[in-house]
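What follows is a single structure, written as structure tokens, with notes after it.
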Amino acid sequence: MAPFFALKYAPPAMGKLMLGKGNYPNAEVKGQAYGSIVVVSSVASGYGGCWGVGYTMSCHAALGVVRAGVAVLKGEFEDGIVEW
């Protein structure tokens with residue numbers, strides 16, 4: 206769920222310009238939109254192994270959500286088909 210929410214809510218927040226610190230006293234004032242979304246997983250997301258089925262499935266799901274989210278954010282998602 207965390208990768209989904211990161212890809213849903215972070216891009217609009219990264220697109221906002223922050224000209225003053227406002228409610229974030231430790232924040233860096235920025236004049237342009239920027240940011241990175243980091244999703245951490247393990248090698249179990251690429252292939253199965255000695256890990257349990259649930260762990261492998263959740264890691265692979267995180268990888269799939271990130272791949273689909275990146276395609277949507279880049280504008281490569283057309284007609285429900287993404288070419289890898």
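This note's numbering applies: residue 206 is where the sequence shown begins, and numbers increase by one.
Built from N, CA and C at the ideal position, the CB exists for glycine as well.
Could you tell me the boundaries of the alpha helix (DSSP H) in which residue i lies?
i, result
"residue 262", "258 to 279"
"residue 219", "207 to 220"
Cα separation between residue i and residue j?
i, j, result
"residue 261", "residue 218", "31 Å"
"residue 272", "residue 244", "11 Å"
"residue 255", "residue 208", "24 Å"
Residue i and residue j look like a contact to me (Cβ under 8 Å); what is the Cβ gap, rounded to whole Å?
i, j, result
"residue 250", "residue 265", "5 Å"
"residue 215", "residue 240", "7 Å"
"residue 212", "residue 274", "4 Å"
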